[in-house]
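These notes concern the structure reproduced below.
Residue numbers (this note's numbering): 6 to 415.
Written as structure tokens, this is what we have:
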């Protein structure tokens with residue numbers, strides 16, 4: 006482990022408090038939500054204690070300070086994504102809200118009967134169910150990119166993209182398998198047939214920046230709480246010309262241009278997608294989260310998380326009955342999902358908790374993927390920048406305890 010990463014664990018106050026039995030906190034559920042560095046916690050408190058006000062409403066000094074800080078956060082996101090303009094970025098409640106805006110605001114407006122949307126079974130329900138609703142409303146059709154046995158996209162079929170393809174909606178990283186779809190290739194093939202590329206970056210963006218222009222991404226969604234930032238805030242990115250053709254999903258204050266008794270018109274993006282009061286404190290505190298990631302360094306983060314993922318694969322391979330799903334560590338993100346023969350995923354998670362090891366169990370909002378895997382549930386260990394090799398060892402030791410408690414070795 007690098008000294009930089011060893012140092013950053015100290016910036017997360019949650020690890021300063023051992024569990025009641027003196028056990029260290031072994032938090033292996035970063036894919037669900039990341040812990041927060043002290044700078045993020047401090048910024049939220051600072052806003053509430055020193056200059057809180059509503060946003061884009063008042064000209065008094067607190068209001069002006071809030072507006073300035075929100076735009077500074079928007080600019081930080083713009084830099085992270087390589088977007089051309091802050092006007093291409095709207096604050097939302099999270100990636101789920103952003104994806105619903107894309108599906109309903111752009112998809113319903115532009116899709117016709119017979120048009121096709123390409124998905125894969127890797128998708129989180131947030132990038133799956135909205136498209137189901139859209140095709141039911143428009144007469145469009147869902148088609149699915151097949152997977153290889155390792156759980157990677159199989160793009161070998163030359164007919165996969167055709168003149169009926171209008172939208173390609175994919176995850177930037179599977180929240181179960183860690184699979185990393187080739188976004189640049191998907192963009193090229195989508196654009197070649199006149200389709201757009203929608204990326205659910207909730208899982209991938211915490212592990213490194215995405216250049217939306219260079220990669221050719223048309224729409225992107227992400228959540229602050231997975232970026233070591235606050236809950237309740239997300240980002241909707243769309244190319245300027247596409248956002249102009251996207252209808253709002255929520256209506257109310259701030260998002261309007263004119264309101265008359267018989268009709269209303271909408272503000273230009275991004276205000277069009279920011280109806281009502283924004284998650285002001287959370288959006289402002291998103292900036293120190295992004296600054297934290299930048300200070301650690303994305304290459305250092307990737308190298309560290311790869312080391313942990315490789316170590317976890319090696320350790321779990323030595324435990325009888327464990328099956329790991331997905332590509333090898335070198336071709337995926339820092340997620341290790343597995344089953345143990347003879348043990349239910351929920352029982353494993355409960356017993357790991359007794360040892361202070363916190364993991365996710367279940368279908369992880371990916372029922373179609375688990376149907377493809379042939380199992381109802383998996384156990385998922387996911388790593389963040391604050392984890393270390395001791396965490397991996399505690400996971401392995403705790404899994405041996407699970408086998409002992411369930412008498413699987415007798």
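Every residue gets a Cβ at the ideal spot worked out from N, C-alpha and C, and that includes glycine. Predicted, not measured: the structure shown is a model, and the values here were computed from it.
Option in 397, 101, 236 and 237 with minimal Cα separation from residue 313 = Counting from 1 along the chain shown, the entry for residue 313 is found at position 308. Cα-wise, what sits closest to residue 313 is 397.
CA nearest to the CA of residue 44, picked from 217, 170, 334 and 297 | On the chain shown, position 39 is the one that residue 44 refers to. The candidate whose alpha carbon is nearest that of residue 44 is 297.
Measuring from the CB of residue 184, is there a heavy atom of the ligand MN at a distance below 7 Å?
-> As for the ligand MN, it is missing from this structure, which has no ligand bound.
Reference residue 133; option with closest CA among 16, 160, 371 and 163 | Locating residue 133 in the chain shown gives position 128, where the first residue counts as 1. Per the Cα distances, 371.
Extent of the continuous beta strand (DSSP E) run through residue 203 | What you label residue 203 is simply residue 198 of the chain shown in a count that begins at 1. For residue 203, the enclosing beta strand (DSSP E) has its first and last residue at 201 to 205.
Three-state secondary structure (DSSP) of residue 354 | Along the chain shown, read from residue 1 onward, the residue named residue 354 stands at position 349. In the three-state DSSP reduction, residue 354 falls in the helix class (H, G or I).
Does the distance from the CB of residue 209 to the CB of residue 178 come in under 8 Å?
-> For the purposes of this step, residue 209 is identified with residue 204 of the chain shown, where counting begins at 1. For the purposes of this step, residue 178 is identified with residue 173 of the chain shown, where counting begins at 1. Judged by beta-carbon spacing, residue 178 lies within the 8 Å limit of residue 209, meaning their Cβ atoms are closer than that value.
Which of the three DSSP states, helix, strand or coil, is assigned to residue 369?
-> Looking up residue 369 in the chain shown gives position 364. In this structure, DSSP gives residue 369 a state outside helix and strand, which the three-state scheme calls coil.
Cβ shell of residue 87 (< 8 Å), same chain only, five flanking positions each side left out | Residue mapping note: residue 87 aligns to position 82 of the chain shown, counting from 1. Same-chain partners within the cutoff: 214, 215, 216, 217, 218 and 219.
Could you check how far apart the C-beta atoms of residue 317 and residue 185 are, in whole angstroms? I think they sit under 8 Å.
-> For this step, residue 317 is matched to residue 312 along the chain shown. For this step, residue 185 is matched to residue 180 along the chain shown. Contact between residue 317 and residue 185 does not hold, since their C-beta atoms are separated by about 17 Å, which reaches or exceeds 8 Å.
Do the stretch 33 to 48 and the stretch 184 to 201 meet, that is, are 3 or more Cβ pairs less than 8 Å apart?
-> Cβ pair count under 8 Å is below three, so no.
Taking the alpha-carbon positions, what's the residue 159 to residue 387 distance?
-> By one-based count along the chain shown, residue 159 stands at place 154. By one-based count along the chain shown, residue 387 stands at place 382. Each residue's alpha carbon lies about 25 Å from the other.
Minimum C-alpha distance to residue 72 - residue among 286, 141 and 248 | Here residue 72 refers to the residue found at position 67 of the chain shown. Among 286, 141 and 248, the Cα nearest to that of residue 72 is on 286.
Could you check the C-alpha separation between residue 57 and residue 95 for me, to the nearest Å?
-> Locating residue 57 in the chain shown gives position 52, counting from the first residue. Locating residue 95 in the chain shown gives position 90, counting from the first residue. Straight through space, the alpha carbons of residue 95 and residue 57 are spaced by roughly 20 Å.
Three-way DSSP call (helix, strand, coil) for residue 166 in this model | Along the chain shown, one-based indexing puts residue 166 at 161. When secondary structure is reduced to three states using DSSP, residue 166 falls in the coil class, being assigned neither helix nor strand.
Would DSSP call residue 90 helix, strand or coil?
-> Looking up residue 90 in the chain shown gives position 85. When secondary structure is reduced to three states using DSSP, residue 90 falls in the coil class, being assigned neither helix nor strand.
Give the single residue among 211, 224 and 245 whose Cα lies nearest to the Cα of residue 175.
-> As a first step, residue 175 must be located in the chain shown, where it is residue number 170. Nearest Cα to residue 175 within the set 211, 224 and 245: 224.
Give, in chain order, every unbroken run of the beta strand (DSSP E) that is at least 3 residues long and sits entirely within the stretch 360 to 412.
-> Taking only runs of at least 3 residues, the beta strand (DSSP E) segments lying wholly in the stretch 360 to 412 are 365 to 367 and 383 to 387.
Determine the direct distance from the alpha carbon of residue 111 to that of residue 142, and round the result to whole angstroms.
-> Here residue 142 corresponds to residue number 137 of the chain shown, with the count starting at 1. Here residue 111 corresponds to residue number 106 of the chain shown, with the count starting at 1. Looking at the two C-alpha atoms, the distance is approximately 13 Å.
Quick one: what's got a C-beta closer than 7 Å to residue 354's C-beta in the same chain, skipping five residues either side?
-> Working through the chain shown from its first residue, we reach residue 354 at position 349. Excluding positions up to five away in sequence, the list reads 364, 366 and 384.
Under the three-state DSSP convention, the category residue 330 falls into | Taking the first residue of the chain shown as position 1, residue 330 is located at position 325. Looking at residue 330 - three-state DSSP - the assignment turns out to be strand.
What residue does the alpha helix (DSSP H) around residue 191 start on, and which one ends it?
-> One-based indexing of the chain shown puts residue 191 at position 186. Element bounds for residue 191: 188 to 197.
Do the stretch 248 to 263 and the stretch 111 to 128 make contact, defined as three or more Cβ pairs closer than 8 Å?
-> Judged by pairs of C-beta atoms under 8 Å, the stretch 248 to 263 touches the stretch 111 to 128, as three or more such pairs exist.
On the DSSP bridge assignment, give the partners of residue 149 in chain order.
-> Translated into the one-based positions of the chain shown, residue 149 becomes position 144. 124, per the DSSP bridge assignment.
For residue 226, which residues does DSSP report across the bridge?
-> On the chain shown, position 221 is the one that residue 226 refers to. Beta-bridge pairing links residue 226 to 205 and 241.
Rounded C-alpha distance that separates residue 162 from residue 122 | Mapped onto the chain shown, residue 162 falls at position 157. Mapped onto the chain shown, residue 122 falls at position 117. Roughly 16 Å separates the two Cα atoms.
Which residues in the same chain as residue 109 place their Cβ atom closer than 8 Å to its Cβ, once the five residues preceding and following it in sequence are excluded?
-> As a first step, residue 109 must be located in the chain shown, where it is residue number 104. Once the five neighbours on either side are set aside, the close Cβ partners of residue 109 are 135, 138, 139, 252 and 254.
Helix, strand or coil at residue 8 [DSSP, three-state] | The residue you call residue 8 lines up with position 3 of the chain shown. In this prediction, residue 8 has a pLDDT of 43, which is less than 50 and means its spatial position is unreliable; nothing more can be read from the coordinates.
In angstroms with no decimal places, state the Cα-to-Cα distance between residue 192 and residue 90.
-> Here residue 192 refers to the residue found at position 187 of the chain shown. Here residue 90 refers to the residue found at position 85 of the chain shown. Answer to the nearest angstrom: the Cα atoms are 20 Å apart.
Is it buried or exposed for residue 263, if we count other Cβ within 10 angstroms and need 16 for buried?
-> For the purposes of this step, residue 263 is taken as the residue at position 258 of the chain shown. Within a 10 Å sphere around the beta-carbon of residue 263 sit fewer than 16 other beta-carbons, which makes this residue exposed.
Among 154, 199 and 182, which has the Cα closest to the Cα of residue 166?
-> Locating residue 166 in the chain shown gives position 161, where the first residue counts as 1. For the options 154, 199 and 182, the alpha carbon positioned closest to that of residue 166 is the one of 199.
So residue 149 and residue 182 are in contact, right, with Cβ under 8 Å, and what is the actual spacing, rounded?
-> The count along the chain shown starts at 1 and reaches residue 149 at position 144. The count along the chain shown starts at 1 and reaches residue 182 at position 177. About 16 Å separates the two Cβ atoms, so there is no contact after all.
Can you tell which of 378, 411, 393 and 332 has its C-alpha closest to the C-alpha of residue 14?
-> As a first step, residue 14 must be located in the chain shown, where it is residue number 9. Residue 393 holds the alpha-carbon nearest to the alpha-carbon of residue 14 among 378, 411, 393 and 332.
Could you tell me whether the stretch 258 to 275 touches the stretch 28 to 39, where touching means 3 or more Cβ pairs closer than 8 Å?
-> Touching, no.
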